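2 protein chains.
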Amino acid sequence: MILRRVAVISYGMTKVDKHWNKSLRSLFGEAALNAINKVKNPKIDAIIVGNMCASDLSDQNNIGAIVADELGLTPITAYRVEAACGSGGAALLTGFSLVSSGVYDVVMVGGVEKLTDNIGKMISFSLGKAADAEYELFYGATFASLNALLMNRYMYVYKTPREAFADFAVLMHKNGAKNPYAQLPFEINREIALNSEYIADPIRLYDCAPIGDGAAVIILCSLEEASKYTDSFVEIIGISGASDTINIASRDDLLSLKATVTAANNAYKMAKVTPKDIDVAEIHDTFTITAAISLEDLGFCERGKFDKFLYEGAFEPGGIVAINPSGGLKSRGHPVGATGVYQAAEITMQLLGEAGKMQIPNAEIGLTHNMGGVGSSVYVSIMKRVK
Amino acid sequence: MILRRVAVISYGMTKVDKHWNKSLRSLFGEAALNAINKVKNPKIDAIIVGNMCASDLSDQNNIGAIVADELGLTPITAYRVEAACGSGGAALLTGFSLVSSGVYDVVMVGGVEKLTDNIGKMISFSLGKAADAEYELFYGATFASLNALLMNRYMYVYKTPREAFADFAVLMHKNGAKNPYAQLPFEINREIALNSEYIADPIRLYDCAPIGDGAAVIILCSLEEASKYTDSFVEIIGISGASDTINIASRDDLLSLKATVTAANNAYKMAKVTPKDIDVAEIHDTFTITAAISLEDLGFCERGKFDKFLYEGAFEPGGIVAINPSGGLKSRGHPVGATGVYQAAEITMQLLGEAGKMQIPNAEIGLTHNMGGVGSSVYVSIMKRVK
């Protein structure tokens with residue numbers, strides 16, 4: 007039972023892009039000031055930062071202290087949380103518990119990642135560290151090739167046409183084209199997706215999220231104090247993490263990610279809602295196959311019917327749930343350790359009615375779904391508009 | 007105000023050593039089973055892991071999922087926390103808030119590090135990532151050379167004899183010689199310390215903590231439920247983190263670490279105790295100079311009088327406070343991201359009267375002090391024997 011209810015009072019983000027002229031600290035600072043400037047003088051007690059690759063790609067650990075210093079907020083508590091691509095979601099759970107426990111009153115949860123301007127560093131190898139170094143990477147697996155196994159299996163078991171995955175990418179780019187923060191804000195069509203280059207058969211370029219640089223931030227405080235800082239805010243009514251075996255060979259089933267099912271069920275239960283109650287969701291579509299399986303695991307789609315639901319418009323406004331109005335990882339981009347915080351910022355923006363051309367009308371309850379590894383570390387949160 | 011009080015109900019650790027025959031996951035598993043076997047069937051809800059270097063030295067991120075899988079505990083929540091050498095302390099704060107908030111009932115807080123068996127990997131470079139990559143490492147600074155600046159300054163300002171630092175190392179090795187988990191469990195004398203090789207003038211080999219492999223674990227639950235699991239436990243009565251500018255050139259004063267002062271004052275206030283009430287402390291003596299400054303910042307010693315207090319026996323049983331009965335980082339060893347959890351395990355062991363030859367008689371209140379970088383990320387906890 008949660009002892010103190012928690013609100014999101016602000017959010018900020020940078021465009022996901024190739025930010026070759028901005029450092030880790032300046033990217034984070036930009037998103038953080040964006041969030042701080044939206045609220046009335048919040049006295050921030052702690053910063054929790056989601057990040058995966060700074061050690062590999064920027065030779066920097068200890069980035070909690072880095073960003074506290076950048077914002078002139080030392081000596082507040084500041085540290086990093088890491089669960090591969092699920093780092094942002096884990097940071098959100100950490101910030102939630104720091105506020106809910108009464109340890110701190112106002113906590114900034116952020117994520118930052120710089121992936122693109124590293125000459126001579128192996129980004130694919132760095133991202134592969136989300137998988138099992140001893141039992142997967144050692145044998146030559148990459149993150150894309152592991153997901154390719156899932157996609158082959160899905161198409162074999164469910165007889166799903168290859169085109170459905172391409173068409174999901176088309177939908178994501180249609181959404182992302184309206185997002186000023188998106189890395190790839192343009193539309194594509196089925197032919198472009200189907201004919202893009204192979205990454206790991208059957209995964210092609212347009213089945214994959216791009217790599218990008220970016221930072222996102224939200225600010226949390228207790229629900230009862232939220233109106234001190236702002237006139238409009240949302241409440242985190244459900245939140246959970248979950249894990250699974252890191253190497254996929256140890257699993258019973260490749261077509262359901264146990265950690266998503268567990269985290270989602272826990273979050274729904276805590277929030278006292280069902281998948282039907284969710285108006286808008288930002289889900290973790292690293293690859294189009296990840297989206298298909300996740301939509302089923304989250305309860306938005308019948309097992310193996312991803313294509314049918316897609317073509318019925320289930321994932322668009324007016325359907326079952328509006329999926330990834332931001333464009334998702336596919337089009338908004340995937341600044342790895344920041345992605346979970348982007349999702350939380352985007353859902354907050356939707357629930358506050360501030361999403362501009364991306365706005366889903368009358369969105370009252372939203373969900374974030376953030377995943378590390380091939381479903382080995384999953385974080386789900388559910389937010390509700392308060393006023 | 008803390009909403010639910012938190013107890014430590016168990017602890018476990020491996021010897022700090024060159025564990026060339028054990029992987030990250032098996033080291034963690036050994037410490038964790040050690041802790042689990044001490045209590046009656048705890049249903050663990052989450053694992054928080056402190057670790058700094060696995061990404062660099064074992065090509066592995068996402069180690070929350072790795073250790074949950076190793077223990078057969080998936081799909082529980084599991085993730086990593088990083089604040090350089092302060093990672094263990096940050097993991098403890100995270101676990102504390104997860105229990106105190108009611109998000110989870112039983113949380114395992116652990117730390118694991120493997121540093122020694124990496125052929126061709128640059129351990130010094132990896133550890134340097136605790137300092138500022140852009141403003142310190144780029145210019146050739148190492149972690150030892152930054153601390154050497156502090157030591158030179160201390161001796162210049164306070165006219166402290168060089169021998170006092172050597173004699174602190176002698177005391178740490180005297181303590182560590184009684185610790186079955188210590189990496190360097192042997193005594194030394196002043197001559198050995200003074201004549202050991204230079205690392206970064208004036209820091210010599212015996213001023214430095216060794217690098218080592220190891221894992222430590224504690225198990226937390228709410229105070230009111232602790233007796234369900236065990237007959238003897240301790241309470242965490244104070245806890246805080248704090249940060250400072252990561253590059254030391256930006257600081258007003260090199261002879262006091264603001265983050266230690268802040269974290270300690272917050273923890274004392276929360277615990278409603280003063281430094282005089284502490285019976286035993288495990289402090290972060292990465293270098294002998296770090297010990298001197300930290301003892302002053304924690305309120306155990308007058309400013310600049312480190313040598314005087316040392317020679318009066320202030321830091322030994324019967325003195326002001328028994329410092330590092332484990333031998334500290336100097337002799338027990340410093341498995342970086344695990345060190346803060348070793349300290350918490352050791353203080354728990356002391357307060358429960360289970361420390362064998364290391365036992366400080368009648369220890370009732372203990373303190374841990376864990377530091378990342380040159381004082382840029384500091385975590386202090388205060389524990390009290392309950393029964």
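Chains as they are written, first to last, in the numbering used here: chain Y, 7 to 393; chain S, 7 to 393.
Yeah, the Cβ is synthetic: ideal placement off N, Cα and C, and Gly gets one too.
As the structure is a computational prediction, the values presented were derived from the model and not from experiment.
For the beta strand (DSSP E) holding residue i, just list the boundary residues, first then last.
| i | result |
| --- | --- |
| alanine 248/S | 240 to 249 |
| alanine 41/S | Run containing alanine 41/S: none in the beta strand (DSSP E); it sits in the alpha helix (DSSP H), 30 to 42. |
| isoleucine 205/S | 204 to 206 |
Would you identify the three-state DSSP class for residue i, choosing helix, strand or coil?
| i | result |
| --- | --- |
| tyrosine 141/S | coil |
| valine 14/S | strand |
| threonine 83/Y | strand |
| histidine 290/Y | coil |
| histidine 179/Y | helix |
| valine 22/S | coil |
| aspartate 111/Y | coil |
| arginine 338/Y | coil |
| arginine 168/S | helix |
| glutamate 193/Y | coil |
| glycine 146/Y | coil |
| alanine 255/S | helix |
| tyrosine 187/S | coil |
| isoleucine 198/S | helix |
| phenylalanine 321/S | coil |
| glycine 362/S | helix |
| leucine 260/S | coil |
Can you tell me the Cβ-Cβ gap for residue i and residue j, rounded? I've got them flagged as a contact below 8 Å.
| i | j | result |
| --- | --- | --- |
| aspartate 219/Y | arginine 196/Y | Not quite, the Cβ-Cβ distance comes to about 29 Å (not below 8 Å), so this is no contact. |
| glutamate 288/S | serine 332/S | 6 Å |
| glycine 116/Y | alanine 38/Y | 6 Å |
| isoleucine 54/Y | valine 113/Y | 7 Å |
| serine 481/S | threonine 83/Y | There is no way to answer for residue 481/S, as the model of chain S reaches only from 7 to 393. |
| valine 87/Y | valine 386/S | Incorrect: roughly 20 Å between the Cβ atoms, too far for contact. |
| isoleucine 243/S | isoleucine 388/S | 5 Å |
| glycine 215/S | leucine 335/S | At residue 215/S the sequence reads alanine, which differs from the glycine that was named. With 8 Å as the limit, alanine 215/S and leucine 335/S qualify as a contact, their Cβ atoms being about 4 Å apart. |
| leucine 261/S | valine 347/S | So it is not a contact: roughly 29 Å between Cβ atoms. |
| isoleucine 245/Y | alanine 273/Y | 6 Å |
| asparagine 57/Y | alanine 89/S | Actually they are not in contact, since the Cβ atoms of asparagine 57/Y and alanine 89/S sit about 12 Å apart, beyond 8 Å. |
Report the partner residues of residue i according to the DSSP bridge assignment.
| i | result |
| --- | --- |
| asparagine 376/S | Tyr385/S |
| serine 228/Y | Val12/Y |
| arginine 391/S | Val240/S |
| isoleucine 217/S | His340/S |
| isoleucine 326/S | DSSP output for isoleucine 326/S lists no bridge partner at all. |
| tyrosine 45/S | Residue identity differs from the one stated: residue 45/S is valine in this sequence, not tyrosine. Answer is none; valine 45/S lacks a bridge partner. |
| glutamate 119/Y | Gly220/Y |
| glutamate 88/S | Arg86/Y |
| arginine 309/Y | Answer is none; arginine 309/Y lacks a bridge partner. |
| isoleucine 371/Y | Lys390/Y |
| isoleucine 209/S | Ala206/S |
Following the continuous alpha helix (DSSP H) through residue i, name the residue where it begins and the one where it ends.
| i | result |
| --- | --- |
| isoleucine 299/Y | 294 to 303 |
| methionine 276/S | 264 to 277 |
| serine 93/Y | 93 to 106 |
| leucine 156/S | 149 to 164 |
| alanine 71/S | 69 to 76 |
| glycine 346/Y | 345 to 357 |
| alanine 60/Y | 60 to 63 |
| glycine 56/S | Note, glycine 56/S: premise wrong, no alpha helix (DSSP H); beta strand (DSSP E) at 52 to 56. |
| glycine 134/Y | 129 to 134 |
Should residue i be listed as close to the ligand COA, given that the test is whether its C-beta is under 7 Å from any heavy atom?
| i | result |
| --- | --- |
| phenylalanine 34/S | Ligands are entirely absent from the displayed structure, and the ligand COA is therefore not among its contents. |
query = Counting pairs of Cβ atoms below 8 Å between the stretch 315 to 323 of chain S and the stretch 182 to 194 of chain S, do you hit three or more?
reply = no
task = Give a yes or no on contact between the stretch 205 to 212 of chain S and the stretch 376 to 384 of chain Y, applying the rule of three or more CB pairs nearer than 8 Å.
result = no
inquiry  = For the stretch 132 to 142 of chain S against the stretch 68 to 77 of chain S, do three or more pairs of beta-carbon atoms, one drawn from each stretch, fall closer than 8 Å, so that the two count as touching?
reply    = no
message = Three or more C-beta pairs under 8 Å: does that hold for the stretch 82 to 96 of chain S against the stretch 9 to 20 of chain S?
response = no
key: Any 3 or more C-beta pairs closer than 8 Å across the stretch 333 to 347 of chain S and the stretch 238 to 257 of chain S   = no
task = Check whether the stretch 295 to 305 of chain Y touches the stretch 15 to 24 of chain S, counting contact only when three or more Cβ pairs, one atom from each stretch, lie closer than 8 Å.
result = no
request  = Say whether the stretch 355 to 369 of chain Y touches the stretch 278 to 293 of chain Y, bearing in mind that this needs 3 or more beta-carbon pairs closer than 8 Å, one atom from each stretch.
outcome  = yes
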